[in-house]
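Trainee: For the protein sequence lines, the chains are A and B, in the order given. Using my numbering, the first residue of the first sequence is number 532, and each one after it goes up by one. Using my numbering, the first residue of the second sequence is number 1215, and each one after it goes up by one.
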Amino acid sequence: MATDTTSNETVNRTARYLRKAWQGISVPLVAVLLGLIIGALLLLVSGAQPLSAYGALFEGAFGTPAAIQRTLEKATPLIFAGLAVAFAFKAGLFNIGAQGQLLIGAVVAAYVGFSIQGLPAIIHAPLALLIGGLAGALYGFIPGALKTYTGAHEVITTIMLNYVAINITDYLADGPWKDMTPGNIVARTPKIFPSAVLPSLGNIPTGFILALLAAVVAWWILYRTTLGYEIRTVGLNSSAAQYAGIRVAKIVILSMMISGFLAGMGGAVETQGINGRFQPGFNTGIGFDGITIALLGKTNPFGVIPAALLLGAMRAGSSKMQFSAGVAPEITDVITAVILFFVAADIIVKTLIRQRGTDDDKVTLSTGWSGH
Amino acid sequence: MSDRLSPIADDAPIVLEAKGITKQFPGVLANDQVDLVLHRGEILAMLGENGAGKSTLMSILSGLYTPDAGEIWIKGEHVTLHSPGDAIIRGVGMVYQHFQLVPVMTVAENVILGAEVVKAGGYIDIREANRRVRELSKQYGLEIDPTAVIEDLPVGLQQRVEIIKALYRQADILILDEPTAVLTPQESNELFQIMHQLTAQGVSIIFITHKLKEVLTVADRIVVLRGGKAVGTVYPAESTEASLAELMVGRKVILQVDKKRAQPGKTVLKIENLEVLDERKHKVVKGLSLDVREGEILAVAGVQGNGQREFVEALTGLRPVVGGHIFIEDEETTHSIPRKISELDVAHIPEDREKHGLVMPYSVADNLVLNRYFHEPFSHRAVLNRDAIAENGRNLVKEFDVRTPSIETHAGSLSGGNKQKVIVARELSRPVKLLVANQPTRGIDVGSIEFIHNQIVAQRDAGVAVLLVSAELDEVLSLADRVAVMFDGHIVKTLPIEEATRERVGLLMAGSEEE
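Here you go:
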């Protein structure tokens, strides 16, 4: 009898997980479809052939090994940024500051990369990554502490701190950390030493593998550790968390720091894997794309990966689309925006596909302005 | 009070009739073919447990929802109500449990809100408004000062303003939603007198409640709802509390808690001159002192809003203390954090189960470890032990009779009674020295109330010190060994249960001093 119940339970559980998984992905999936359809209409209106344009887009993103590598390279920092935003969401925090944390991580990783000479690659590259991540964590600490001790809402402070980060990194790249190579007039840091460069394994950038690992670790922390239970409790109901004896202040600060760490790693990977140095303007918008990706991935670390790949593919393929189909690359931004619109306004999609019932991963964009 | 025993109103003309009202919500058939008749000048009590469909039915009659099926007839006319405005035009006025008043405005300003008396040039004629409110209050015996500011008025008077608001809009069918939930027994009696004065002048009243005593005192006729259906129409003269409870729940219910005499031991909780502020930094707990011994239930009785919530939050570490001392056994916990207090084996059933007691999107199993998740076996070296959490869930669901499809079900989808059982199971399944239960049975079904009361008494018998805070006098009187009456932020009197009569406690709750 016992085995019977167990097997029954297993079946039930599998069914439940499948249903849950479908509930989780159905809205983003339909949203992507709607985004592509509306994008196709726009292409038609602007006189292009939607099918050939999309064909070129796909070709540019996945058509050749080099194209795939480009897609993965584009997706890598997006995964980190998406994880950063998603992680903070789980603690009920809306981290708009991923951009700033990413910039700080990128510039600090560059500094570690160009200022220390003679380390073996096995130490130098991870060191730069780690310190870049820690710099992002430190930068995430600021809004966390401000929220806890002064009640300042993180949306406001992180937006402000983005500007601060832009100016700090501009200053560093044009001042103390400027590339003094004769003839250089551009604000940028020197090239990092080869020992700090993240190599590619064939066509797969090491950074991409790190990003996948980061997603696994973020998921594991959130769903399998005691800390993760505390973070999610604070995010879902901070009053209940307080009642349960969880120190909400500590969790808020820690969550912002982990979020900042992930964003900082994203910046470091950009510097060490793609740009080879820090140059203002090269990392623009990635932190904000992180918000899009976190929402598209329903704030689940594993949902972030396909979302980032989608955006990365569209970025990677848009130039091909421009050349072969004569479509402005901005159309991909429009498609992205439409997708996000349908994810955010999921009630529209749910009505379309008649999905009912409770939504466990309901994304709450903000928990009010009262800073508790 | 009038003592009409015969259902005289049955001969009066019908003012409101609902036929076959059906309303479906996702997953719930809230109203299933409900018929209802209201006569002129009648007080019709609508009795039912939470979730029986009372509120849905009333929302349909007051135009807030449209029914999926069924007809509404008002004064002989078949009507379709699209909004509360439609209902009020036809004379149906609703007085909600949570008042819809603007606290900083005067009585008259609130009454005319949305139907302002305007004089030339678009100005509000406040003098005329005051005059009309006075006129109404005289006509129906609802004494009130039109120029008083709402937030200065006691709850009973605020309710009066709500009634005047409806009368001002010429309502002659009043729906009162749980009107006595916020009143002292004395205030409730005043309300009943007012209701009789209103019906004497031709107003008809639907009175929603789950309190059996009140129904028997005030109603002309009683309609009982259960599971969305009208399961019976009865008259007070032929009913008893027990018969009504049985109709309401669908089975026999033991209304009296069966308990032996308390065997109190040493003092577990001692509070001296406690002072606590509310959100607006007003002192609402003003020098509260009490003590609770092991093996006894001390019930703090009082009308809601006399500082009970802030008191309990301070005791459990959720709110800072600004004066006085709290001792749990020999340890001072005045300024301790919740985790420390909880680890002193203090169990806490919070007043607001949805805000503090549960994380709604979490599974039942996760909720059942909410304050023990960091202990072995649920956590091992900072990693959760999913199997242990699931096993704990299965055991407690069984032991505490939580009706849930599975332990993976979200707590938010359980009924109120089962949500509360999850909390009770969690709090009582660990070592407990002191149990703090704040409104442990508010708004839940009779069956769950019975179960939770028995659990509380069982804890007492096992030597736990129990501090029960309740605004339900019936609950206080049936569970307590000693009754501490709280009024205006302090304990006005502590009585042994033998001396705590309903009248005496009621008077103390209303703030009257006794020598």
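C-beta atoms are modelled at their ideal positions from N, C-alpha and C, and glycine is treated no differently. Note that the coordinates shown come from a computational prediction; the quantities given were computed from them, not determined experimentally.
#1: Taking C-alpha atoms, which residue in P1534(B), L1572(B), S1550(B) lies nearest to F1541(B)?
#2: Determine whether the beta carbon atoms of G812(A) and A612(A) lie at a separation below 8 angstroms.
#3: Would you mind telling me which residues of chain B sit closer than 7 angstroms to A775(A), beta carbon to beta carbon, in chain order?
#4: For Q1384(B), does the count of other Cβ atoms within 10 angstroms reach 16, so buried, or fall short, so exposed?
#5: Give a yes or no on whether the C-beta atoms belonging to E866(A) and G594(A) are separated by under 8 angstroms.
#6: Quick one: complete beta strand (DSSP E) runs, 3+ long, within the segment 1554-1642 of chain B?
#7: Is the beta carbon of A562(A) sitting closer than 8 angstroms to the one on F854(A)?
#8: Along the segment 1265-1298 of chain B, what residues have a CB closer than 9 angstroms to any CB found in chain A?
#9: Give me the Cα-Cα distance between V1248(B) and K1289(B), rounded to the nearest whole angstrom.
#10: Of all the residues that make up the segment 1236-1251 of chain B, which are near chain A by a beta-carbon distance shorter than 7 angstroms?
#11: Out of I1670(B), A1380(B), V1671(B), A1456(B), which has the shortest C-alpha to C-alpha gap to G1305(B)?
#12: Hey, is E1510(B)'s beta-carbon within less than 8 angstroms of any beta-carbon in chain A?
#13: For a quick check, are the C-beta atoms of V1437(B) and T1447(B) less than 8 angstroms apart?
#14: Step through the CB atoms of chain C and report whether any lies within less than 8 angstroms of the CB of S770(A).
#15: Got a sec? Which residues, its chain only, sit under 6 angstroms from A696(A) by beta carbon, not counting five neighbours each side?
#16: Cβ of G1607(B) less than 8 angstroms from any chain A Cβ?
#17: Here's a check: name, in chain order, each residue in its chain whose Cβ is nearer than 8 angstroms to the Cβ of Q1400(B), leaving out the five neighbours to either side.
#18: Throw me the rounded Cβ distance for the N1264(B) and I1511(B) pair, which I believe falls under 8 angstroms.
#19: Along the alpha helix (DSSP H) that carries V869(A), what are the first and last residues, could you check?
#20: Give, in chain order, every unbroken run of the alpha helix (DSSP H) that is at least 4 residues long and sits entirely within the segment 1417-1484 of chain B.
#21: Identify whether I1705(B) lies in helix, strand or coil by the three-state DSSP scheme.
#22: Evaluate contact between the segment 778-786 of chain A and the segment 1624-1633 of chain B, counting only Cβ atoms and requiring at least three cross-stretch pairs below 8 angstroms.
#23: Per DSSP, W1287(B) forms a beta bridge with which residues?
#24: Report the neighbours of P1399(B) on chain A: residues whose CB is nearer than 8 angstroms to its CB, in chain order.
#25: Chain B partners of R755(A), CB-CB under 7 angstroms?
#26: Compare the beta carbon distance of L826(A) and A875(A) with 8 angstroms and say whether it is the shorter of the two.
#27: Does the beta carbon of G764(A) come closer than 8 angstroms to any beta carbon on chain B?
#28: Ordered along the chain, which non-local residues of its own chain (more than five positions away) have a Cβ less than 8 angstroms from that of Q600(A)?
#29: Determine whether the Cβ of S1629(B) lies closer than 8 angstroms to any Cβ atom of chain A.
#30: Just mark H1704(B) as buried or exposed, buried being the case when its beta carbon has 16 or more other beta carbons within 10 Å.
#31: Spatial neighbours of D892(A) within its chain, please: CB distance less than 8 angstroms, with the 5 preceding and 5 following residues excluded, ordered by chain position.
#32: Of all the CB atoms in chain A, is at least one closer than 8 angstroms to the CB of E1713(B)?
#33: From V1573(B), I1555(B), I1364(B), pick the residue whose C-alpha is nearest to that of V1650(B); which is it?
#34: Measure the alpha-carbon distance for Q1477(B) versus D1544(B) and round it to whole angstroms.
#35: Quick test of your reading: A1194(B) and L1258(B), contact by CB under 8 angstroms. State the CB separation rounded to the nearest angstrom.
#36: Does R547(A) have its Cβ less than 8 angstroms from a Cβ in chain B?
Mentor: Considering the structure as presented:
#1: F1541(B) has its Cα closest to that of S1550(B), out of P1534(B), L1572(B), S1550(B).
#2: Taking the C-beta atoms as reference points, A612(A) is found no nearer than 8 angstroms to G812(A).
#3: L1584, N1585
#4: exposed
#5: Strictly speaking, residue 866(A) in this sequence is Ile, with Glu absent from that position. Cβ distance not < 8 angstroms, so I866(A) and G594(A) don't count as in contact.
#6: Taking only runs of at least 3 residues, the beta strand (DSSP E) segments lying wholly in the segment 1554-1642 of chain B are 1560-1563.
#7: no
#8: Flagged: no residues at all.
#9: 19 angstroms
#10: If you check each beta-carbon in the segment 1236-1251 of chain B against every beta-carbon of chain A, the ones closer than 7 angstroms belong to P1240.
#11: A1380(B)
#12: no
#13: For the pair V1437(B) and T1447(B), the CB atoms are nearer than the 8 angstroms cut-off.
#14: Here chain C cannot be found, since the structure's protein chains are A and B.
#15: Correct list, in chain order: G631, L634, I635.
#16: G1607(B) has a beta carbon lying at 8 angstroms or more from every beta carbon in chain A.
#17: Short of 8 angstroms from the beta carbon of Q1400(B), and not among the five residues preceding or following it, lie these beta carbons of its own chain, in chain order: G1720, L1721, A1724.
#18: That belief does not hold up - the Cβ atoms of N1264(B) and I1511(B) are roughly 24 angstroms apart, past 8 angstroms.
#19: 861-875
#20: 1426-1432, 1455-1463
#21: Residue state, collapsed to three classes: strand.
#22: no
#23: E1231(B), H1292(B)
#24: Those do not exist, as P1399(B) stays about 32 angstroms from chain A at its closest Cβ, beyond 8 angstroms.
#25: Within chain B, the residues near R755(A) are V1597, L1598.
#26: yes
#27: Inspection of the sequence shows that residue 764(A) is occupied by Thr rather than by Gly. Chain B, which has a Cβ nearer than 8 angstroms to the Cβ of T764(A), makes this yes.
#28: Excluding sequence neighbours, Q600(A) sits near S731, N734, I735, P736.
#29: no
#30: H1704(B) should be labelled buried.
#31: In this prediction, D892(A) scores a pLDDT of 45, lower than 50, which makes its location untrustworthy; no coordinate-derived value is stated.
#32: no
#33: I1555(B)
#34: 21 angstroms
#35: Missing from the structure shown is residue 1194(B); chain B here goes from 1215 to 1729 and no further.
#36: Chain B contact via Cβ: present.
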